[in-house]
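Engineer: So the protein lines, in turn, are chains L and S.
First residue of the first sequence: 1, per this note's numbering; consecutive thereafter.
First residue of the second sequence: 284, per this note's numbering; consecutive thereafter.
Idealized CB from N, CA, C, for every residue including glycine.
Given the structure is predicted, the values throughout are model-derived calculations rather than measurements.
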Amino acid sequence: MSEPILSLSEVFYRYPDGTSALNGCTLSFQRAKRFAILGANGAGKSTMLLHLNGILRPSAGQVCWDGKPLEYHRNGLHQLRSRVGMVFQNPDSQLFSASVREDVSFGPLNQGVSLAEARERVATALRITRTEELADRPVHNLSFGQKKRVCIAGVLAMQPEVIVLDEPMAGLDTAMQHELTAVLDQLHERGITIVIATHDLDFAYGWADEIAVMQRGKLLAHGRPEELFQRTEVQQELEGTPLVAEIVSRLATLGLTLRSDGRLPRSRSELLQALVKHPDCGI
Amino acid sequence: MLTEQTAYSNRWRTVSPAAKGCFSLSALVAAFVASSPRMNLLTALLLIAITTMGAGVPLWRYLRIALPTLLFLLVSTATLAFSVSFSMSSLTLSLQPATAELPRVALVCSRSLASLTALLFLGLTTPLNDIIGLLRRCRVPALLLDLMTLCYRTLFVLSETVHQTMTAQSARLGYGGLRRSFRSLGCLIAGLTIQIWQRSEALHRAALARNNDGALRFLEAEFPDAPRAITCAILAGISLIFLAATIP
């Protein structure tokens, strides 16, 4: 296995009010993969994510980029934050400027790129996130979903290698969720490593290459979606399994083995397709 | 809100803010140069006509936005035009027109009116973002402009929060009766204070995450036809000042 792009080893973090949010969290992220972080509220997902961008510094333990420990001085952080983009849960706490185009330009100008380059990056970011037509609109007139996409554009314009999103699907309707998934797919195709904290088991199961489950500030399990949800401790911690996984495993016990592209189907559409194609199904 | 909407939806939204700023400034100068109330009234009418017919701001909307300021102007005019005197002998208060001062009162008030229409012209045709961009180019200190940017953005976030909190309070009968209203209002203010604090923390974090080191830097919008628009504005502005200075 190649060197992970980002990794945490035995990271502890205690908030100033005494709450210990991470208790020896060890986790690594491979380059260009899609990661979903699952866990109950208060499991330490958001705190862990804030370590990836150097906003929080571990009380003990180490965070590494490309195998080298992070340096928390000015230059080190500047580099890290240019490489790791962070999309927060609440778009209103991330958008500074009242105009969309201005806000998206905030990151690249902080990186110190030229005005011409910044303009170009902003245009590209707006195109990828499909927010071009919002460019000159004031931020406060956008819907929640639009704000969310503008937040992603603001991070994308910094051309990061890793994008971290804290519960990006929360508060979005189904159509918006599909649009956001399409945007995420595009980022993945560009070779960007994506890390998402979420509560949506079905989404995580269908989308992620790897899933990590956190429990009380520690890693409980980490692996490929198909194998991860077969573990009892994971099912217990998350109090359930993704619907598609459940159906596929029940059908398997009845002797109906479904395959989609040579592996277990993971999303609704894959499941339906596998059912239609299966010779014993007769649909 | 109405001002904000108008600034974004008027016909001259995409005209260079520098041009609109120049013209508005010239109109202000004209108002100070003019020596007669008549000329000031003329300037005011001209600016109203330009804003409503040129930039396409509906007249009723213009009047609605100007109304609070006009009322204020009316009250100030009244206090200038009338003097209250108290006579010790008869112990009576009397209100008398300050006849001798009337010409000066008329000039001051008409000047205020003209200045008001000049500022409304800029405010109703140019969104605040563009005005801030313009001020940045005029080398206004960055700290002041950053504050303006954040205040402007936060204003909307906070007004939404206030609205949501008040709705939630009303839904649980928070504003039934005077006593309870006061209590709810107190809770609202207390809650808001903490929220402002938390939001500022979140905003700071988000700024750090995007590599910010203090100064807020943004790309400014580009206005393709700016040189032509600025030339027009300067010519119009100079003519206005010239007229104001020569017409008695």
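Identify, in the order they occur along the chain, each residue of the same chain with its Cβ nearer than 7 Å to the Cβ of residue 344 of chain S, setting aside the five sequence neighbours on each side.
Structural biologist: Indexing the second sequence from 1 puts residue 344 of chain S at position 61. Around residue 344 of chain S: 285 and 289.
Engineer: How many Å lie between residue 326 of chain S and residue 318 of chain S at the Cα?
Structural biologist: In the second sequence, residue 326 of chain S corresponds to position 43, counting from 1. In the second sequence, residue 318 of chain S corresponds to position 35, counting from 1. Answer to the nearest angstrom: the Cα atoms are 12 Å apart.
Engineer: Ignore the nearest five residues each way along the sequence and tell me which others in residue 35 of chain L's own chain have a CB closer than 8 Å to its CB.
Structural biologist: As a first step, residue 35 of chain L is located in the first sequence; it is residue number 35 there, counting from the start. The answer, listed in chain order, is 29, 193, 194, 195, 196, 208, 209, 210, 211 and 212.
Engineer: Got a sec? Which residues, its chain only, sit under 7 Å from residue 245 of chain L by beta carbon, not counting five neighbours each side?
Structural biologist: In the first sequence, residue 245 of chain L corresponds to position 245, counting from 1. Contacts found: 205 and 229.
Engineer: Using 8 Å as the cut-off, can you tell me whether the segment 472 to 488 of chain S makes contact with the segment 258 to 271 of chain L, which would need three or more C-beta pairs spanning the two stretches below that distance?
Structural biologist: No contact exists between the segment 472 to 488 of chain S and the segment 258 to 271 of chain L.
Engineer: Relative to the C-alpha of residue 415 of chain S, which residue among S/293, S/529, S/386 and S/304 is closest?
Structural biologist: Translated into the one-based positions of the second sequence, residue 415 of chain S becomes position 132. Of S/293, S/529, S/386 and S/304, the residue nearest in Cα terms is S/304.
Engineer: In angstroms, rounded to a whole number, what distance separates the CA positions of residue 5 of chain L and residue 510 of chain S?
Structural biologist: Mapped onto the first sequence, residue 5 of chain L falls at position 5. Mapped onto the second sequence, residue 510 of chain S falls at position 227. Spanning the two alpha carbons is a distance of roughly 50 Å.
Engineer: Which of the three DSSP states, helix, strand or coil, is assigned to residue 222 of chain L?
Structural biologist: Here residue 222 of chain L refers to the residue found at position 222 of the first sequence. It is a strand residue.
Engineer: Could one say the Cβ of residue 178 of chain L lies closer than 8 Å to chain S's Cβ atoms, at least one of them?
Structural biologist: In the first sequence, counting from the first residue as 1, residue 178 of chain L sits at position 178. Chain S, which has no Cβ nearer than 8 Å to the Cβ of residue 178 of chain L, makes this no.
Engineer: Quick one: is residue 491 of chain S near chain L, going by C-beta distance under 8 Å?
Structural biologist: By one-based count along the second sequence, residue 491 of chain S stands at place 208. Residue 491 of chain S counts as touching chain L.
Engineer: Can you pull out the residues from the segment 151 to 175 of chain L whose beta carbon lies closer than 8 Å to at least one beta carbon of chain S?
Structural biologist: Under the 8 Å Cβ criterion, the segment 151 to 175 of chain L contributes 154, 155 and 158.
Engineer: I'd like to know whether the C-beta of residue 23 of chain L is nearer than 8 Å to at least one C-beta of chain S.
Structural biologist: Position 23 of the first sequence, counted from the first residue, corresponds to residue 23 of chain L. Not an interface residue.
Engineer: Restricting to runs no shorter than 4 residues, where is the alpha helix (DSSP H) found entirely within the segment 335 to 377 of chain S?
Structural biologist: Listed in chain order, the complete alpha helix (DSSP H) runs (minimum 4 residues) inside the segment 335 to 377 of chain S are 342 to 364.
Engineer: If we count the other Cβ atoms within 10 Å of its Cβ and call it buried at 16 or more, is residue 446 of chain S buried or exposed?
Structural biologist: Residue numbering aside, residue 446 of chain S sits at position 163 when the second sequence is read from its first letter. Classification of residue 446 of chain S: exposed, given that the 10 Å Cβ count is below 16.
Engineer: Residues of chain L with CB closer than 7 Å to the CB of residue 508 of chain S, please, in chain order.
Structural biologist: Reading the second sequence from its first residue, position 225 is the one you call residue 508 of chain S. Going along chain L, no residue has its Cβ under 7 Å from residue 508 of chain S, so there is no contact; the nearest lies around 16 Å.
Engineer: Quick one: which unbroken beta strand (DSSP E) runs of 3-plus residues sit fully inside the segment 129 to 183 of chain L? Chain order, please.
Structural biologist: Segments of the beta strand (DSSP E) lying fully in the segment 129 to 183 of chain L: 162 to 166.
Engineer: Decide yes or no for the touch test of the segment 43 to 55 of chain L against the segment 16 to 27 of chain L: beta carbon pairs closer than 8 Å, at least 3 of them.
Structural biologist: Yes: the two stretches touch, three or more of their Cβ pairs being nearer than 8 Å.
Engineer: Could you compute how far the alpha carbon of residue 435 of chain S sits from the alpha carbon of residue 233 of chain L?
Structural biologist: Translated into the one-based positions of the second sequence, residue 435 of chain S becomes position 152. Translated into the one-based positions of the first sequence, residue 233 of chain L becomes position 233. Computed Cα separation, rounded: 49 Å.
Engineer: Is there contact between the segment 407 to 422 of chain S and the segment 481 to 493 of chain S, where contact requires at least three CB pairs shorter than 8 Å?
Structural biologist: The segment 407 to 422 of chain S is not in contact with the segment 481 to 493 of chain S.
Engineer: Looking at residue 89 of chain L and the ligand HEM, is the gap between the Cβ and the nearest heavy atom below 7 Å?
Structural biologist: With respect to the ligand HEM, the structure offers nothing, as it holds no ligand at all.
Engineer: Sorted by chain position, which residues of the same chain lie with C-beta nearer than 6 Å to residue 183 of chain L's C-beta, five sequence neighbours on each side aside?
Structural biologist: As a position in the first sequence, residue 183 of chain L is number 183, starting the count at 1. Within the same chain, residue 183 of chain L has close Cβ partners 129.
Engineer: Just how far apart, CA to CA, sit residue 292 of chain S and residue 451 of chain S?
Structural biologist: For the purposes of this step, residue 292 of chain S is taken as residue 9 along the second sequence, with counting starting at 1. For the purposes of this step, residue 451 of chain S is taken as residue 168 along the second sequence, with counting starting at 1. Roughly 32 Å separates the two Cα atoms.
Engineer: Going by DSSP in three states, residue 57 of chain L sits in which element: helix, strand or coil?
Structural biologist: Against the first sequence, residue 57 of chain L aligns to sequence position 57. Looking at residue 57 of chain L - three-state DSSP - the assignment turns out to be coil, as it is neither helix nor strand.
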